[in-house]
Amino acid sequence: MLTLYWQLFVSHLTANLLGYGGGPATIPLLQHEVVDRHGWMTNGEFSEIVALGNGLPGPIATKMSAYIGYDVAGIPGAIIATFASVAPSLIMMLALLGILMKYKESPQVKRLTKVVRPTIAVLLGVMTYDFFFDSFTAAGWIHTVILIVAGYILLEVRKVSPTYVVIGALLYGAIFLGG
Amino acid sequence: MNKDLFIAFFRAGMLGYGGGLSAIPLMQREVVNRYKWMDDDEFSDVLALSNALPGPINTKLSGYIGWRVNGWSGMLMCLLATVLPTAVLMILLLTLLNAFKDKPFVQGMAKGVIPIAGVMIGVMALDFLKKSGLGLGWKLTIGLAAASVILIELLGIHPAIVIAVLIGSAFLPWNKWKGAK
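Chains as they are written, first to last, in the working numbering: chain W, -2 to 176; chain V, 734 to 914.
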């Protein structure tokens, strides 16, 4: 059990310490730890967390950490994982306040966020492919294409709240993919 | 004081849909306009600070503002207000969904959200790519993206190592690059 707590702590710590660019940047790093490295859940289960996490209000990274921790090791797991994702960067912020205030406009600090963006984009792109491929296997290509096109139009063109889109996808799945 | 902090960040968190970034203007409204704990300049300073560090933006903002306003207890209050309500909701919803995993319609529901999650992540990918193209220039963006694909996907190097190296490279003298851009 202690090993599991430690693994939860370290995986959430690394994903968040390297996730430059806020919550979205940590998602693919977290997926790599949780799905590929430790095998705590499948890509399908991880995609449910991403979708529901986006459908619920509030910060995405902490919601995901809390649930992954809970799923792997109960309430202590939820607390450990959430602590690992929140505490280090907040402690850094308080500890480095003076230095950061001085250098926050410096080119080095601005570059930090810039230079990791292409890699994060690639990781997110690979995750997109994984999810589409999983859906293709689980639900067939017709339903997958319908959901992708409808989801994209509603979320990005019509700017419908993700909450309604997720509820819509759950209903669509219950009706058409339950057989 | 702590009650006000809790209410302010609870409200900003619960009304900000679609990840952390949507909550930032709501936080600004609470902190600057409603409770006047900071002015606009201070708030944008804090935002710039938290952007200079890795990890979730919201908890850094709320934790730091709580600390500024009312010390450690304020910090704890703000973090609880930001993290706890939605974390509990998330655990309840997914536990409920998993409890009925043997029902065919619930299995269908799980299948229905996979492509939607794909669209959401895909949109984030494009957003990161676009911002990167504008910030670093397209040549460097495509080069770094291609190198990432080779290192992570083909050679199986842990993404954390690639990112750690990139973070380190931000401190190298980059003036030479500017000529190439």
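Cβ coordinates follow ideal geometry from the N, Cα and C atoms, glycine included.
**Request:** For H29 of chain W, return the contacting residues in chain V, with the cut-off set at a CB-CB distance below 7 Å.
**Result:** P892
**Message:** Run through chain W and tell me which residues come within less than 8 Å of I946 of chain V, C-beta to C-beta.
**Reply:** Absent from the model: residue 946 of chain V. The displayed extent of chain V is 734 to 914, so no value can be given.
**Asked** Is there a Cβ from chain V that is less than 8 Å from the Cβ of V162 of chain W?
**Response** yes
**Asked** Whose CA, out of W:G55, W:K99, W:G95, lies closest to the CA of R744 of chain V?
**Response** W:G55
**Message:** Does T39 of chain W pass the burial test, meaning 16 or more other C-beta atoms within 10 Å, or should it be called exposed?
**Reply:** exposed
**Prompt:** Skipping 5 residues on each side, what residues in its chain have a beta carbon closer than 7 Å to that of W770 of chain V?
**Reply:** V764, I798, V802
**Request:** Could you tell me which chain W residues have their CB closer than 8 Å to the CB of V846 of chain V, listed as they occur along the chain?
**Result:** In chain order: S44, E45, A48, L49, V163, A166, L167, G170.
**8 Å contact criterion, which L(-1) of chain W and I77 of chain W should meet: CB distance rounded** = The pair is not a contact, with the Cβ atoms about 11 Å apart (cut-off 8 Å).
**Request:** Classify K60 of chain W as helix, strand or coil using the three-state DSSP reduction.
**Result:** helix
**Request:** Using a Cβ cut-off of 9 Å, pull out every chain V residue sitting near V123 of chain W, in sequence order please.
**Result:** Near V123 of chain W (Cβ distances below 9 Å), the residues of chain V are A858, V882, I885, E886.
**Cα-Cα separation, Y2 of chain W to G807 of chain V** = 28 Å
**Asked** Is S881 of chain V buried or exposed, if buried means 16 or more other CB atoms sit within 10 Å of its CB?
**Response** buried
**Message:** Buried or exposed for Y67 of chain W, going by 16 or more other Cβ atoms inside 10 Å?
**Reply:** buried
**Nearest neighbour of R34 of chain W, chosen from V:A785, V:A893, V:L899, V:A903 [CA to CA]** = Comparing Cα-Cα distances from R34 of chain W to each of V:A785, V:A893, V:L899, V:A903, the minimum goes to V:A893.
**Item:** Contact under 8 Å by Cβ, L859 of chain V with T874 of chain V
**Value:** no
**Message:** Within 10 Å of its beta-carbon, does N766 of chain V have 16 or more other beta-carbons around it, so buried, or fewer, so exposed?
**Reply:** exposed
**Message:** On the CB-based measure, 16 or more other CB atoms within 10 Å of its CB, does Y17 of chain W come out buried or exposed?
**Reply:** Buried.
**Request:** Indicate whether the contact test is met: 3 or more Cβ pairs, each with one atom in the stretch 145 to 165 of chain W and one in the stretch 44 to 51 of chain W, closer than 8 Å.
**Result:** yes
**Request:** Check the Cβ of M89 of chain W against every Cβ in chain V and list those closer than 7 Å, keeping chain order.
**Result:** L786
**Message:** Quick check on the DSSP output: what are the complete beta strand (DSSP E) runs of length 3 or more inside the stretch 851 to 882 of chain V, in order along the chain?
**Reply:** none
**Message:** 8 Å is my cut-off, CB to CB: does V852 of chain V come that close to chain W?
**Reply:** yes
**Request:** Can you check the stretch 771 to 842 of chain V for any alpha helix (DSSP H) of at least 4 residues that lies completely inside it and give the ranges in chain order?
**Result:** 773 to 784, 790 to 832
**Request:** Using a cut-off of 8 Å between C-beta atoms, extract the partners of L827 of chain V located in chain W.
**Result:** E45, I46, L49, Y64, D68
**Item:** L782 of chain V to M90 of chain W span [Cα, whole Å]
**Value:** 7 Å
**Prompt:** Enumerated in chain order, which unbroken segments of the alpha helix (DSSP H) with a length of 4 residues or greater are wholly contained in the stretch 74 to 155 of chain W?
**Reply:** For the stretch 74 to 155 of chain W, whole alpha helix (DSSP H) runs of length 4 or above, ordered along the chain, are 94 to 100, 104 to 149.
**Asked** Counting pairs of beta carbons, one from the stretch 898 to 908 of chain V and one from the stretch 97 to 117 of chain W, are three or more of them closer than 8 Å?
**Response** Look at the beta carbons and you see the stretch 898 to 908 of chain V touching the stretch 97 to 117 of chain W: at least three pairs across the two are nearer than 8 Å.
**Prompt:** Is N791 of chain V near A756 of chain V, with beta carbons less than 8 Å apart?
**Reply:** yes
**Asked** Excluding five sequence neighbours on each side, which residues of the same chain lie with their C-beta closer than 6 Å to the C-beta of D773 of chain V?
**Response** V765
**Item:** Exposure of G41 of chain W, with buried meaning 16 or more beta-carbon neighbours within 10 Å
**Value:** buried
**Request:** Quick one: using the 10 Å Cβ neighbour count with 16 as the cut-off for buried, is N13 of chain W buried or exposed?
**Result:** buried
**Request:** Mind listing the chain V neighbours of Q105 of chain W? Cutoff is C-beta to C-beta under 7 Å, in chain order.
**Result:** A903, F904
**When W:I65, W:G170, W:V112, W:L53 are compared against G749 of chain V, the one with the closest alpha-carbon** = W:L53
**Inter-residue Cα distance where the pair is I890 of chain V and W800 of chain V** = 39 Å
**Closest by C-alpha distance to I65 of chain W, when choosing among V:L794, V:T815, V:A820, V:L809** = Ranking the options by Cα distance to I65 of chain W, first place goes to V:A820.
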